[in-house]
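*Asks:* Okay, here's the structure, questions in a sec.
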Amino acid sequence: MNSSRETILNAVKKAVKNPSHLPESPAETENLIQESLKAITPADRKGLRNQFEKELLAVSGEFVPVKSTGELVAHISKDLQNKQYRTLILTDHKNTASAARQLQTEYSAINYIRATELEADARKTRLAFADAALVGVDHAIADTASLAVLQADSDSMFPHFLPDCIYVIVKPEQLIANLFDLFTLIPTESAKNMLLITGPSRTADIEKIIILGAHGPRRLVVYWLEE
Amino acid sequence: MNLTPKSTKHYIHNALHDERLRNAVNKATQTSLSKSKSIKDQIPYWQNLRYRAHSIKKQVMENLDQYLEQFEKNCLANGIHVHWAVDAEQARNIILQIARDKQAKTIVKSKSLTTEELHLNDFLIENGLETLETDLGEYIVQLKGEIPSHLTAPALHLNRQDIGKLFHEKLGAPYTEEPTALLTIAREKLRAKFLAADIGISGVNFAVAQAGAVCVIENEANARLTVGLPKTHIAVMGIEKIVPGYKELATFLKLLAPSATGQKASVYVNIIGGAPYPKMHEGPQEMHVVILDNGRSRILADPQLRETLFCIRCGACLNICPVYQQVGGHAYGWVYMGPIGAALIPQYLGEKEGRYSPFASSLCCACFENCPVRINIPHHMLKLRNRIVDKGYSMKIEKFGIAAWAFLAKHPCLYRFATWFPGKFQLLLPKGMAFPAPGYFRQRALGLFDPKGFRKRFMQLQKK
Numbered sequence: 009m010n011s012s013r014e015t016i017l018n019a020v021k022k023a024v025k026n027p028s029h030l031p032e033s034p035a036e037t038e039n040l041i042q043e044s045l046k047a048i049t050p051a052d053r054k055g056l057r058n059q060f061e062k063e064l065l066a067v068s069g070e071f072v073p074v075k076s077t078g079e080l081v082a083h084i085s086k087d088l089q090n091k092q093y094r095t096l097i098l099t100d101h102k103n104t105a106s107a108a109r110q111l112q113t114e115y116s117a118i119n120y121i122r123a124t125e126l127e128a129d130a131r132k133t134r135l136a137f138a139d140a141a142l143v144g145v146d147h148a149i150a151d152t153a154s155l156a157v158l159q160a161d162s163d164s165m166f167p168h169f170l171p172d173c174i175y176v177i178v179k180p181e182q183l184i185a186n187l188f189d190l191f192t193l194i195p196t197e198s199a200k201n202m203l204l205i206t207g208p209s210r211t212a213d214i215e216k217i218i219i220l221g222a223h224g225p226r227r228l229v230v231y232w233l234e235e
Numbered sequence: 181m182n183l184t185p186k187s188t189k190h191y192i193h194n195a196l197h198d199e200r201l202r203n204a205v206n207k208a209t210q211t212s213l214s215k216s217k218s219i220k221d222q223i224p225y226w227q228n229l230r231y232r233a234h235s236i237k238k239q240v241m242e243n244l245d246q247y248l249e250q251f252e253k254n255c256l257a258n259g260i261h262v263h264w265a266v267d268a269e270q271a272r273n274i275i276l277q278i279a280r281d282k283q284a285k286t287i288v289k290s291k292s293l294t295t296e297e298l299h300l301n302d303f304l305i306e307n308g309l310e311t312l313e314t315d316l317g318e319y320i321v322q323l324k325g326e327i328p329s330h331l332t333a334p335a336l337h338l339n340r341q342d343i344g345k346l347f348h349e350k351l352g353a354p355y356t357e358e359p360t361a362l363l364t365i366a367r368e369k370l371r372a373k374f375l376a377a378d379i380g381i382s383g384v385n386f387a388v389a390q391a392g393a394v395c396v397i398e399n400e401a402n403a404r405l406t407v408g409l410p411k412t413h414i415a416v417m418g419i420e421k422i423v424p425g426y427k428e429l430a431t432f433l434k435l436l437a438p439s440a441t442g443q444k445a446s447v448y449v450n451i452i453g454g455a456p457y458p459k460m461h462e463g464p465q466e467m468h469v470v471i472l473d474n475g476r477s478r479i480l481a482d483p484q485l486r487e488t489l490f491c492i493r494c495g496a497c498l499n500i501c502p503v504y505q506q507v508g509g510h511a512y513g514w515v516y517m518g519p520i521g522a523a524l525i526p527q528y529l530g531e532k533e534g535r536y537s538p539f540a541s542s543l544c545c546a547c548f549e550n551c552p553v554r555i556n557i558p559h560h561m562l563k564l565r566n567r568i569v570d571k572g573y574s575m576k577i578e579k580f581g582i583a584a585w586a587f588l589a590k591h592p593c594l595y596r597f598a599t600w601f602p603g604k605f606q607l608l609l610p611k612g613m614a615f616p617a618p619g620y621f622r623q624r625a626l627g628l629f630d631p632k633g634f635r636k637r638f639m640q641l642q643k644k
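These protein sequences, in sequence, are chains A and B.
According to this note's numbering, the first sequence is numbered sequentially starting from 9.
According to this note's numbering, the second sequence is numbered sequentially starting from 181.
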């Protein structure tokens, strides 16, 4: 225990003894929030999916619905070719395993790097200049088009924010209505290291003009895999 | 920092005479307001969420000691080193010591007003550490040798030509005023620094007591790179940043982005709760949290002004403030600016030093209406004005003005004459020329008085 800690905590303890008499919130606040949330949340899965798509497009993300892993692989291959990407980072996320295997077999005109096979320092350097990554996420949030990634020691987080473009595979069962539901769903312990991503990286620091790809990915492509 | 009358007047005078600055500030604030409004209009529970946020903050502040202890306990359980700093000097020394222990050479920083409050960059640079801001706006103002002029848009006062010239002079880049090209220059310079950095320093938007984790919110991914690439992460937070748990965090996340940048959600919400990853060696391998008081417990002890600690630094009050829109952030002379800055400056720096700040307001209450946490900023500014006047720190001219008004108010005949005279005197002046008001004129036009005089005009209006 250091003395600064005691000094601060004692000062705080003394300070909070004086009540502030600030006004209380109206009693109906919580009910009104719940009613509003209910009213604006789509009632079915299709509605949530449409909301997610709309919100993703509004934040400059790209939305590609696919019916099978084969269709997904064909689309990514074409995109890699069109954009002339030369490196694709692969992760060990369960959503991406099958697509990654198929891509490596069917499209050989690119350099594949498995993030988890590199040492941490080398991983950092290689990924910092990579063109694209294929990643999975743990949850998708419909009302803001946010993607939640829970950090685990079995996979790398770098592919989510270092390359220029990220391809994200989202499955319908991962979709939840809003942020309030997310934090109700995830246990505190699991949310302790988490990243929420909403669209490509951006800045408006020059005359409030939005420019994508500030320090993170310029593109965020969501593959909605409805197998 | 010494906010003397001379320096305050100098800041305001310069701002009011700088047409380019006023245009830049006006354009930026109007853009932010319009974006913010369009997002808030899509959230039907917005007003109720503001009530909820206020209620959470009130509850947290009244039990802050318990939440701080809970936060510390959970941080320690997560393997985070917790440091307590009574003042800025102690916080700076703690951070320097960590850097020395790690034999650090390069430090990258993400945007943090708390570290601005500590003047941390200058201190670390003076001690031989290369310290770089990485948020684009912060990087620009650091290169220019300035402090931020807005809580969330630090380079809001500069236009693309200013930035083009700056990058040309300081970075040797070919002159360009094309925003994407300017960003590319900064991104390339900084990416190399991210990879080489030994330590990343961030601020903290919210500290989650139940989890022992900190939350850092941003759009650029520079904070992610700051906390995720260097081996050591130092998070600097004021004691007021606590939220009880994730449920409460969700409320503030919902409020912050629409208020700050007119987005439904910020691009990156980083939640960092220590726990090194021994297999992947990712994220910070060592994490430190510096919990700073630096005057906050003194504000907490004042029940009348405690509410000013509820601020989540979104900048919404700045964007809507008619005074800020005219003078920009540097006119306030310290790291916190706008209406909330005007209320915080005398509390942090003392009522004597910050005696001019609460008067930089028209008390129109727009800041209160726009604050996502419902802080009654005008009420606090009035309270501070009251104290400043009571302690005799107000300007002589104001004292004279109030004394003159009090005298006239006690003598109705003289009062009647005083309100009648300007309108009549004005008739003697060339047509269209307003009543002379030295000093006032220089920056604005004084309206014409009604020749009938105030009382007559007022009675006529009442009859209507």
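The C-beta atom is built at its ideal place from N, Cα and C for all residues, glycine as well.
Everything numeric in this text was worked out from a predicted model, so none of it was measured.
#1: In chain B, which residues lie less than 8 Å from Val24 (chain A) when you measure between Cβ atoms?
#2: Only counting runs of 4 or more residues, tell me where the alpha helix (DSSP H) segments fall wholly within the segment 346-417 of chain B, in order along the chain.
#3: For Ala511 (chain B) versus Ser439 (chain B), is the C-beta distance shorter than 8 Å?
#4: Below 8 Å on the Cβ atoms is my contact criterion, and I expect Leu375 (chain B) with Thr133 (chain A) to pass it. Report the Cβ-Cβ distance as a whole number of Å.
#5: Excluding sequence positions up to five away, which residues of its chain have a Cβ less than 7 Å from the Cβ of Pro180 (chain A)?
#6: Please list, in chain order, the chain B residues whose beta carbon lies closer than 7 Å to that of Ser12 (chain A).
#7: Would you mind stating whether His263 (chain B) and His468 (chain B) have Cβ atoms separated by less than 8 Å?
#8: Just the C-alpha distance for Leu526 (chain B) and Gly392 (chain B), rounded to the nearest angstrom, thanks.
#9: From Leu126 (chain A) to Asn194 (chain B), what distance separates their C-alpha atoms?
#10: DSSP three-state label for Phe137 (chain A), please.
#11: Can you give me the C-alpha to C-alpha distance between Arg230 (chain B) and Ile41 (chain A), rounded to a whole angstrom?
#12: Go through the segment 250-303 of chain B residue by residue and report every complete run of the alpha helix (DSSP H) that reaches 4 residues or more, in order.
#13: Which residues does DSSP list as the beta-bridge partners of Trp232 (chain A)?
#14: Take the Cβ of His190 (chain B) as the centre, count every other Cβ of all protein chains shown within 10 Å, and call the residue buried at 16 or more, exposed below.
#15: Which residue's Cα is closest to the Cα of Lys216 (chain A): B:Phe539, B:Glu398, B:Thr211?
#16: Under the DSSP definition of a beta bridge, which residues are partnered with Val67 (chain A)?
#17: Looking at chain A, which residues of the segment 348-378 of chain B have a Cβ within less than 8 Å of any of its Cβ atoms?
#18: Is Pro483 (chain B) near the ligand PLP, with its Cβ less than 7 Å from a heavy atom?
#19: For Lys373 (chain B), which of B:Thr431, B:Thr294, B:Met417, B:Lys285 has the nearest alpha-carbon?
#20: Interface residues of chain D around His461 (chain B) at Cβ under 9 Å?
#21: Please list, in chain order, the chain A residues whose beta carbon lies closer than 9 Å to that of Ala333 (chain B).
#22: Pair every Cβ in the segment 376-391 of chain B with every Cβ in the segment 358-366 of chain B, then say whether three or more of these pairs are closer than 8 Å.
#23: Taking only beta-carbon positions, decide if Leu293 (chain B) is within less than 8 Å of chain A.
#24: Residues of the segment 396-430 of chain B in Cβ contact with chain A at a cutoff of 8 Å, in chain order, please.
#25: From the DSSP output, in three-state form, read off Arg94 (chain A) for me.
#26: Determine the burial state of His29 (chain A): buried for a count of at least 16 other Cβ atoms within 10 Å of its Cβ, exposed for fewer.
#27: If we ignore side chains and look at the alpha-carbon of each, how far apart do Ser164 (chain A) and Ala141 (chain A) end up?
#28: Is any beta-carbon of chain B found at less than 8 Å from that of Asp146 (chain A)?
#29: To which residues of the same chain is Asn119 (chain A) closer than 8 Å at the C-beta, ignoring the five residues directly before and after it?
#30: Figure out for me which residue from A:Ile184, A:Asp139, A:Thr124 has the closest Cα to the Cα of Asp151 (chain A).
#31: Could you pull out every residue in the same chain whose Cβ sits closer than 7 Å to the Cβ of Cys255 (chain B), ignoring the five residues on either side in sequence?
#32: Would you identify the three-state DSSP class for Gly144 (chain A), choosing helix, strand or coil?
#33: Name, in chain order, the residues that DSSP records as bridge partners for Leu312 (chain B).
#34: Does any CB atom of chain A fall closer than 8 Å to the CB of Ser477 (chain B)?
#35: Assign Lys421 (chain B) to one of two classes, buried (16 or more other C-beta atoms within 10 Å of its C-beta) or exposed (fewer than that).
#36: Please report the straight-line C-alpha distance between Leu641 (chain B) and Phe629 (chain B), rounded to a whole angstrom.
*Replies:* Taking the coordinates as given:
#1: One-based indexing of the first sequence puts residue 24 (chain A) at position 16. Neighbours of Val24 (chain A) on chain B, chain order: Met241, Glu242, Asn243, Leu244, Asp245, Leu480.
#2: 359-376, 402-408
#3: Here residue 511 (chain B) refers to the residue found at position 331 of the second sequence. Here residue 439 (chain B) refers to the residue found at position 259 of the second sequence. No, Cβ-Cβ distance for Ala511 (chain B) and Ser439 (chain B) is not below 8 Å.
#4: In the second sequence, residue 375 (chain B) corresponds to position 195, counting from 1. In the first sequence, residue 133 (chain A) corresponds to position 125, counting from 1. Leu375 (chain B) to Thr133 (chain A), Cβ: 6 Å. Contact.
#5: Counting from 1 along the first sequence, the entry for residue 180 (chain A) is found at position 172. Here the set comprises Arg53, Arg57, Glu234.
#6: Position 4 of the first sequence holds residue 12 (chain A). Ordered by position in chain B, the residues that pass the 7 Å Cβ test against Ser12 (chain A) are Trp264, Ala265, Val266, Gln270.
#7: Mapped onto the second sequence, residue 263 (chain B) falls at position 83. Mapped onto the second sequence, residue 468 (chain B) falls at position 288. Contact flag set, yes.
#8: Here residue 526 (chain B) refers to the residue found at position 346 of the second sequence. Here residue 392 (chain B) refers to the residue found at position 212 of the second sequence. Note that residue 526 (chain B) corresponds to Pro in the displayed sequence, not to Leu. About 32 Å.
#9: Walking along the first sequence from the start, residue 126 (chain A) turns up at place 118. Walking along the second sequence from the start, residue 194 (chain B) turns up at place 14. Rounded to whole angstroms, Leu126 (chain A) to Asn194 (chain B) spans 55 Å at the Cα level.
#10: By one-based count along the first sequence, residue 137 (chain A) stands at place 129. It is coil, neither helix nor strand.
#11: Taking the second sequence and counting its residues from 1, one reaches residue 230 (chain B) at position 50. Taking the first sequence and counting its residues from 1, one reaches residue 41 (chain A) at position 33. Near 11 Å, if we compare the C-alpha coordinates of Ile41 (chain A) and Arg230 (chain B).
#12: 268-281, 293-297
#13: Here residue 232 (chain A) refers to the residue found at position 224 of the first sequence. Trp232 (chain A) is bridged to A:Pro73, A:Val178.
#14: Mapped onto the second sequence, residue 190 (chain B) falls at position 10. Burial call: exposed.
#15: Within the first sequence, numbered from 1, the residue matching residue 216 (chain A) stands at position 208. Nearest option by C-alpha distance: B:Thr211.
#16: In the first sequence, the residue the question calls residue 67 (chain A) occupies position 59. Looking at the DSSP assignment, Val67 (chain A) forms no beta bridge with any residue, so it has no partner.
#17: Pro359, Thr360, Leu362, Leu363, Arg367, Leu370, Arg371, Phe374, Leu375
#18: Among the ligands in the structure shown, none appear at all, so the ligand PLP cannot be discussed.
#19: For the purposes of this step, residue 373 (chain B) is taken as residue 193 along the second sequence, with counting starting at 1. That would be B:Lys285, whose Cα lies nearest to the Cα of Lys373 (chain B).
#20: Looking at the structure shown, chain D is missing, and the protein chains on hand are A and B.
#21: To locate residue 333 (chain B), count along the second sequence from 1; it is residue 153. The answer, in chain order, is Ala212, Asp213, Lys216.
#22: no
#23: For this step, residue 293 (chain B) is matched to residue 113 along the second sequence. Cβ-Cβ to chain A under 8 Å: no for Leu293 (chain B).
#24: Asn399, Glu400, Ala401, Asn402, Arg404, Leu405, Gly408, Leu409, Ile419, Gly425, Tyr426, Lys427, Leu429, Ala430
#25: Your numbering for residue 94 (chain A) matches position 86 in the first sequence. Residue state, collapsed to three classes: coil.
#26: Sequence index remark: in the first sequence, residue 29 (chain A) carries index 21 (1-based). Flag for His29 (chain A) reads exposed.
#27: Along the first sequence, read from residue 1 onward, the residue named residue 164 (chain A) stands at position 156. Along the first sequence, read from residue 1 onward, the residue named residue 141 (chain A) stands at position 133. When rounded, the distance between both Cα atoms is 11 Å.
#28: The sequence position of residue 146 (chain A) within the first sequence is 138, counting from 1. With 8 Å as the cut-off, Asp146 (chain A) does not count as an interface residue toward chain B.
#29: For the purposes of this step, residue 119 (chain A) is identified with residue 111 of the first sequence, where counting begins at 1. Closer than 8 Å at the Cβ level, and outside the excluded window around Asn119 (chain A), lie Arg94, Thr95, Leu96.
#30: Along the first sequence, one-based indexing puts residue 151 (chain A) at 143. Among A:Ile184, A:Asp139, A:Thr124, the Cα nearest to that of Asp151 (chain A) is on A:Ile184.
#31: Residue mapping note: residue 255 (chain B) aligns to position 75 of the second sequence, counting from 1. So the qualifying residues of the chain are Val262, Gly392, Gly454, Val469.
#32: Here residue 144 (chain A) is taken as the residue at index 136 of the first sequence, counted from 1. In this structure, Gly144 (chain A) counts as strand in the three-state DSSP scheme.
#33: The residue labelled residue 312 (chain B) in the question sits at position 132 within the second sequence. Partner(s): B:Val288.
#34: Residue numbering aside, residue 477 (chain B) sits at position 297 when the second sequence is read from its first letter. It does: the Cβ of Ser477 (chain B) has a partner Cβ on chain A nearer than 8 Å.
#35: Numbered from 1 along the second sequence, position 241 holds the residue referred to as residue 421 (chain B). The residue is buried, with at least 16 neighbouring Cβ atoms inside 10 Å.
#36: Numbered from its first residue, the second sequence carries residue 641 (chain B) at position 461. Numbered from its first residue, the second sequence carries residue 629 (chain B) at position 449. Roughly 15 Å separates the two Cα atoms.
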